[in-house]
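Numbering follows the numbering used here, in which position 94 of the sequence shown is assigned residue number 140; successive positions increment by one, without gaps. Before any comments, here is the structure.
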Amino acid sequence: MEELKDIAQLVGRELSGRGAQKAHYTVSSTETREFNVDGGEFSLFRTLFDNSLSITAYKDNRKGSIEINRFDEESVSAAVADCILSAEAGIEDPAYDIAPKQDNEVFNEGIYEPDVDKLFFRTRELLENVKERHPKILMEQMIVSHIKQHELYRNTNGTEYETFAGLYSVSLMFSGHDKDKSTSFFGCDFQTDSLDRPFIELSSVDKDLSDVEAQLNLVEIDGKFDGVAVFTPSSLASLLYSALSNFVSDIAVLNKTSVWMNKLGKKVASEGLTLSMAPLDDRICCGQRYTSDGFKAQNYKLIENGVLRSYMLSLYVAGKSGFEPAKNLSGSMIIEGGDTPYEDIIKGIEKGIIVGRFSGGMPASNGDFSGVAKNSFLVENGQIKGAVSETMINGNLEDLLMNITALSKETVEDGARVLPYMAVSGITISGKQ
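See the structure below:
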């Protein structure tokens, strides 16, 4: 514990001695205890240790940054020297800044010390549950771990944050097999600070396993049509992150490529959509407590009842653009469930597709996207007709958010996000030509 403070004090002295006018730096120590399962069998248990020191310094309105994984005095001093040299060689920009002095705070998040025996029990239990409930599933790989981190943040305005955080992380990769038939790989991940419930009951694990089993028997989609796409929470997450990157991120605003550049306070989505960035929510495991700029994190609504309320900007881009910096930069998305049960959403679809996973390149700056809908299902006349082979879908992210027809009452909580199923009209679906 004291080692991190000693390192931080050394960094502070070195920065001051080398003429840094502003700086922020983070010292962290991470311990990971990990079970590995390969091909359905335990293959490894190990404990990993990692140290990290990241420094950003400003001198004469020039910026330098460096990151190392060694804590010895010689390496730390050399890192600070290199960081200052990087700043001196940088481009001058008066928008570089750090947060003003904040109240110092110690954060205790999640479960800092693991119950290794119970973690092993839950891991073995999951393997047994999969074999019993989903006999056609092969667990290709399972990585189950406890991650414990002690982190110290300081900046030259006198702010200090200290964090003690720990969580359990589960990452699964599996496929379906039945005689000569097999499916593509599918993965799901979640994190939790509790071992009170079987892993198969958490997040969307059980449903994902069932959906992959169903992929062993496929139906074909003939031709091309415009229909309704129902995005599962996991596929919705990837689309939303693409939309946020294109429309509200540092790069999009700084380069003025965002189609939402002049839409603060204006409608950008269906009225039923409220998207919060909420790392402090109890359903988020060990969420962000402060930004790298030095501000204490706060929850905020990015989109409220369809209206854009904020961009996701760092202090630097906020200064360059004239907008406010985001109250956190966590990516902890929360969309509360709607009024319609998932089954009723399906019953209301004349023709469409349930998208379990989307595989495609980065959407264009205007939001146009095209890719393959994987682990997906055909819906006709209110019924799920069956799993489909890889099917193309395309549309536009800006239009997609304006064309939301329903949000499911059910949500999936994976420790990093809380998201419902989302139905969207006007998606082009292309099957066999």
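Virtual Cβ for every residue (Gly too), placed ideally from N, Cα, C. Every value quoted in this text rests on a predicted model; they were computed, and no experiment measured them.
So is residue i buried or exposed if we call it buried at 16+ other beta carbons inside 10 Å?
i: threonine 93; result: exposed
i: aspartate 224; result: exposed
i: isoleucine 168; result: A small fix is needed here, since residue 168 is arginine in this sequence, not isoleucine. Arginine 168 should be labelled buried.
i: alanine 410; result: exposed
i: methionine 188; result: buried
i: glutamate 174; result: exposed
i: phenylalanine 236; result: buried
i: serine 121; result: exposed
i: valine 162; result: exposed
i: isoleucine 297; result: exposed
i: lysine 109; result: buried
i: lysine 420; result: buried
i: phenylalanine 95; result: exposed
i: alanine 135; result: exposed
i: glycine 269; result: exposed
Going by DSSP, name the residue or residues bridged to residue i.
i: methionine 379; result: Met323
i: lysine 313; result: Val353
i: valine 73; result: Leu99, Leu198
i: methionine 498; result: Lying before the first or after the last residue shown, residue 498 is absent from the chain, which here runs from 47 to 479.
i: aspartate 414; result: Asn442
i: valine 176; result: Its beta-bridge partners do not exist; DSSP assigns none.
Between residue i and residue j, how many whole angstroms is the CB-CB distance? I'm expecting something under 8 Å.
i: phenylalanine 271; j: lysine 397; result: 6 Å
i: tyrosine 104; j: phenylalanine 153; result: Contact doesn't hold; Cβ gap of about 26 Å is too wide.
i: serine 288; j: glutamine 195; result: The pair is not a contact, with the Cβ atoms about 28 Å apart (cut-off 8 Å).
i: phenylalanine 220; j: valine 258; result: 6 Å
i: valine 314; j: leucine 354; result: 5 Å
i: valine 464; j: threonine 474; result: Actually they are not in contact, since the Cβ atoms of valine 464 and threonine 474 sit about 29 Å apart, beyond 8 Å.
i: arginine 79; j: proline 160; result: 6 Å
i: arginine 64; j: isoleucine 130; result: 5 Å
i: leucine 285; j: phenylalanine 404; result: 6 Å
So, for residue i: in the same chain, excluding its five sequence neighbours on each side, which residues have a beta-carbon less than 7 Å away from its beta-carbon?
i: alanine 452; result: Gly384, Thr386, Ile391, Ala469
i: asparagine 107; result: Glu138, Asp139, Pro140, Tyr142
i: serine 98; result: Ser74, Glu113, Asn115
i: alanine 324; result: Ile330, Asn345, Ser378, Ile380
i: aspartate 128; result: Ile112
Is residue i helix, strand or coil when you go by DSSP?
i: glycine 394; result: coil
i: asparagine 263; result: coil
i: leucine 241; result: coil
i: leucine 424; result: strand
i: proline 279; result: helix
i: threonine 209; result: strand
i: glutamate 186; result: strand
i: threonine 169; result: helix
i: valine 294; result: coil
i: leucine 248; result: coil
i: glycine 204; result: coil
i: glutamine 148; result: coil
i: valine 305; result: coil
i: arginine 79; result: strand
i: glycine 365; result: helix
i: arginine 403; result: strand
i: serine 288; result: helix
Please work out which residues of its chain come closer than 8 Å, Cβ to Cβ, to residue i, disregarding the five sequence neighbours upstream and downstream, and give them in chain order.
i: phenylalanine 423; result: Asp257, Ala260, Ile399, Ile400, Gly402, Ile430, Lys431, Gly432, Ala433, Val434
i: leucine 319; result: Ile349, Asn351, Gly352, Ile381, Leu447, Ile450, Leu453
i: alanine 283; result: Met379, Arg463, Leu465
Excluding sequence positions up to five away, which residues of its chain have a Cβ less than 6 Å from the Cβ of residue i?
i: leucine 446; result: Val470
i: alanine 211; result: Glu155, Gly156, Gln195, Cys332
i: glycine 340; result: His70, Ile144, Ala145, Asn201, Thr205
i: valine 294; result: Tyr357, Met358
i: glycine 460; result: Inspection of the sequence shows that residue 460 is occupied by aspartate rather than by glycine. Only Phe236, Ser249 meet the Cβ criterion.
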